[in-house]
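Encoded as structure tokens, the structure appears first; notes follow it.
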Amino acid sequence: MSVNRVTTRTVPEALEGARTPLRGRDAELAFIEARLDALDRGEGGIIRVEGSVGIGRSRILAESAAAARRRGTRVFEGAADPDEQFVPLGPLLDGLLSGEEPLSGAVRLRDLATTPGQRFWLLQELGDRLRETARNGPLLVVLDDLQWCDDLTLLTFNTLAAGLSSHAILWLVAVRGGSVPSGVRTALDRIRRAGAHELVLGALDDQATTRITEDVLGAAPGPDVLRVARRAEGVPQLLVELLGSLREAVTIENGTARLSAGPPAPRALPSVVRRLDQLSGEARELVQTAAAVGAPVTVALLAELLGRSSAALITAVRESLDADLFIESGDRLAFRHDLIREAVEAGLPLPLRQALRDQTAELPPGNAASPAERLGPSAGRAAPSAGAAEAGKAGPGDAAEADRLRTAAAELAATAPGPAAERSLKALELTTADAPERPRVIAETIPLLWQTGRAAQARELGASALATGGLGPEDEARIRLALARLAVPFDFSEAVRQARAGAALPGIPVDVRGRLLAMLAVGLSMSGEHSAAEQVAAEAWETAAAAGDRSAEATLTTVRSAVSFHRMDLTEAFRQAERSVALADALGVSTSLWVPEALWHALLSNTTGRSAEALAAAEEGIRITREQGRTAATGMWLMTRSRILLEAGRLTDARADAEAASATTDDLGPGNLADVTLRYVMMRVALHTDDQQTARAYAAEARRMRSDGAPVVRHFGSWMLALMADFEGRPDRAMAELDEVMTSPAADRPAYAGLVDPADAPVLVRLALRAGAHERAAQAVALAERLAVLNPDLPFLAATAAHARGLLDNDLAPLVRAVRLYEDCPRPLARASALEDAGRKLAATRTSEAVPYFDTALTLYARAGAERDVARVRRRLRAAGVRRRPSMPGLSGAWPELTAAEIRVVRLVARGLTNQQVAEHLSLSPHTVSSHLRRAFTKLDVTSRGELTRLVMDRDSGE
């Protein structure tokens, strides 16, 4: 008689650092090997690896890098981190400049990366270094977790990949699937259009699941173990972590792994714990509450359980979706995977779980999830209908579902444009190409995409619809209206073209024509074609009145304000601007034709010396639009605030905002609004700080602006070039740059003889006198005085007029009057300039009386960080026989290296706040926080948050 011997053992512990073989990705690895073969032949390109959290993107990248190294290919590897976004270009630079064999010139590149205003030169240098390295052999550049990259890294990656496409450089990038930030989505759109290869990682098949289970447990899985393993639904990370939690519950009998006592209770999984730890307290509480409910849940139910309003949960819901813990399942939130829900729930005390379930059961039936919804291993993974799965066909209920989605999008547009855009896109997918309502859905989707930072996708959608043809006049008009709205921040002339073409279509509804004419008037006004804007606005007003369209009325009121401003009637300009803001607020921002009317009011306040009012409006605009996810409007407000900060003498903050806005701009070209705000700001800051390299880089931008189709952009370009010529000591050239502006037709010539700010009148007078152009100096003075006379309630305008007159006449009395008038104006640089000019005039005959003027000017310039102006005033003081020790008034004694704004950011970071939390605390954008933090790191010579925290503790404790 034979006896079957049963050999029993426990599952061995995993070896330290051991890695199981890669299973189920043979096709993907074969594709990458083929691309590496092509790379060996000198063919570069881009591969994008996409997949959900835990699907194995990073593993694919690691295996690819190892395969490339085995071939002798040089490999650079970088990765982004959600907590380390404070150093722009960090992921890319770490990949290129670290490791065993960094890119040549690493020290020089790091210096450029940490020096303000050097982005242009850094891009040039990086491109040159990569090009030079690729000549010696093929390169593989790996960049993981693209969704966490800062905007400058994304921009640089796109620029380098496009500029080096003919070289033997293969870019391998990985990005999380699903919802990603708008800047990342733009980068992905760009590389797709550039011909990038795409690898989308799906779930592993059953064979791969079985083999991984055997790898982890050390034995072939029995049926009971395999049933548990299949709960991971082919997600490798969840599978491995789930198997790890089974070790104590599995025994191996005769080479087969079996459960010794049935499936174990759910446990916390490491990857889920890490993602929970990265959430804010409010979002973590939201996720834990949803896990306790145990089914797809409405936001209303979560609000009820948490004792808050649904609106108060917007940020927490968005954060949880971004963390890939939730997905949207109809009107409910569902966990991405049921194992994630179980892992979250396992971390809650049992009494709390039971209390939440009891509370849910007590709610009215309409609020709680039905028993049927509580079933199923993975909520939210319902398969599409067979009809919907067929290309180009809609299922029987798809038309009704599309209507429901459109209604939901319209309801969400005012407060949550991101979810509204997604619903509108889904409605478009469910609408067949020949459906009569499809053009209307396209027209509804374009503004939502633009508002949420997807301008390129929006424009492509509209342009494709127009190119396809077959549109009726009304449908074409609505699409052109949407494209005109989209074009306003990017291309003033294109906004005019689209609005004009739409308004000319026959037989369109009166309300649509009224809105098109309103947008045409806005485009003309922003372009600087003031007389044409006024004529169109008059016609548009009649059309809007006939249609009873209050939205068009709000927009046209803004145009009327701009016309009054051009006529130098600032009282009327303010009255109309305030009326337009009130109209837009009453209607809700989603109905606004130009988002938002309040932006013009802030610009108008700033231009007339009401900087505090303008800054408060800008900060409120940034806060609200950021909370609502209105990426486009946030960018416009950042650009506006950079102008306000410049003229308020906060040069460091102005540059930080300009850089932040620049990093968030879309891919629709340079952008006219950016031209007249952030590029102008960066040029002026560079001139005040004596940053010659940056000034020259923006002078090149100004030359491009000189050929723009919009007169106002040409005028800004001319003024920037004139300032640059004066900076270089060429006054004749400065005057020549202004020829077109100062001789343009009077009807469209900008107020103040081509200047962009009243405080520039004395600057122009000074330029003209240096060039011997006395008539132009007199022209500038006459306009400044006329503006002051027409607006006697604005002392800032009287100050600039007196300052300009004092320079023209070389007369001390008006200069002293200007100094006195500037005392009540929040324009420190303008006041410092008047003090310096008055001191210069006094120094010729009464040196001792000049010194106090120079001293006050020096203090104001130093506080602003205007290093070039500081040096000039010090020379004047030395000429008067006075030497002042270098100092930086307004800076903390404990932090002499940092500005006040940098100190605020540094102290919050040292308390453990993330960049996002610091931004929310200080009402800044995350990009502005990154800019301040990057400069602080450079000035303090620290390289990590830990070093910074220790330094803050030492200094603030007085050690």
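Take the numbering used here: the final residue in the sequence shown is number 959, and no numbers are missing along the way.
Ideal Cβ positions, reconstructed from N, Cα and C, are used throughout, including at glycine.
None of these values were measured; they are calculated from a predicted model.
- With 16 or more other Cβ atoms inside 10 Å of its own Cβ, V581 counts as buried.
- If you look at D726, you'll find it in the alpha helix (DSSP H) that goes P711 to F727.
- Inter-segment contact for the segment 450-465 and the segment 613-631 is present: three or more beta-carbon pairs are separated by less than 8 angstroms.
- Following the DSSP letters along the chain, one finds D824 in no beta strand (DSSP E), marked with neither H nor E.
- Restricting attention to E785, D653 and Y698, the CA atom closest to the CA of A900 is found in D653.
- The residue from A295, L246, A261 and L321 with its alpha-carbon nearest to that of Q278 is L321.
- At the C-beta level, T133 and L89 stay beyond 8 angstroms of one another.
- One alpha carbon belongs to A759, the other to A168, and they sit about 53 angstroms apart.
- Here R41 is not near A208, since their CB atoms are 8 angstroms or more apart.
- Under the DSSP assignment, H566 falls in the alpha helix (DSSP H) whose first and last residues are R550 to H566.
- Counting along the chain, the unbroken alpha helix (DSSP H) around A68 starts and ends at R57 to R70.
- Put simply, the backbone Cα of D757 is about 24 angstroms away from that of R579.
- For F157, there is no enclosing beta strand (DSSP E); the residue is found in the alpha helix (DSSP H) stretching over D151 to G163.
- By the C-beta criterion, the segment 224-235 is judged not to be in contact with the segment 175-193, since fewer than 3 inter-stretch pairs fall below 8 angstroms.
- The alpha carbon of E620 has as its nearest neighbour, out of R423, L924, T938 and P91, the alpha carbon of L924.
- According to the DSSP secondary-structure assignment, V816 is paired through a beta bridge with no residue.
- Where R74 is concerned, the enclosing beta strand (DSSP E) starts and stops at R74 to A79.
- In the DSSP assignment, I169 forms a beta bridge with L139.
- DSSP places R336 in no beta strand (DSSP E); its state is neither H nor E.
- Taking 8 angstroms as the upper bound for CB-CB distance, D569 and L790 are in contact here, some 6 angstroms apart.
- Note on geometry: alpha-carbon atoms of E345 and W600 lie some 50 angstroms from one another.
- Per DSSP, the unbroken beta strand (DSSP E) holding T256 starts and ends at T256 to L259.
- For F574, the closest C-alpha among the options E613, A545, S551 and E542 is that of E613.
- Taken through DSSP and simplified to helix, strand or coil, I46 comes out as strand.
- Short of 7 angstroms from the beta carbon of E474, and not among the five residues preceding or following it, lie these beta carbons of its own chain, in chain order: I508, P509 and V512.
- Here T251 carries a strand assignment [DSSP, helix/strand/coil].
- As the crow flies, the alpha-carbon of A850 is around 5 angstroms from that of A843.
- For E198, the uninterrupted beta strand (DSSP E) run begins and ends at H197 to V200, by DSSP.
- With 16 or more other Cβ atoms inside 10 Å of its own Cβ, D144 counts as buried.
- DSSP places S329 inside the beta strand (DSSP E), whose first and last residues are F326 to S329.
- Taking each of S931, R318, A203 and A292 in turn and checking the Cα distance to P181, the smallest one comes out for R318.
- Per DSSP, the continuous alpha helix (DSSP H) segment holding P419 begins and ends at P417 to E429.
- Following the DSSP letters along the chain, one finds S707 in no alpha helix (DSSP H), marked with neither H nor E.
- Between F727 and Y680, the C-beta gap is not smaller than 8 angstroms, which leaves the two residues out of contact.
- Separation of the CB atoms of K426 and L412 is rounded to 12 angstroms, and the pair is thereby denied contact status at 8 angstroms.
- Contact check for A788 and A780: beta-carbon distance about 13 angstroms, past the 8 angstroms limit, so the pair fails to qualify.
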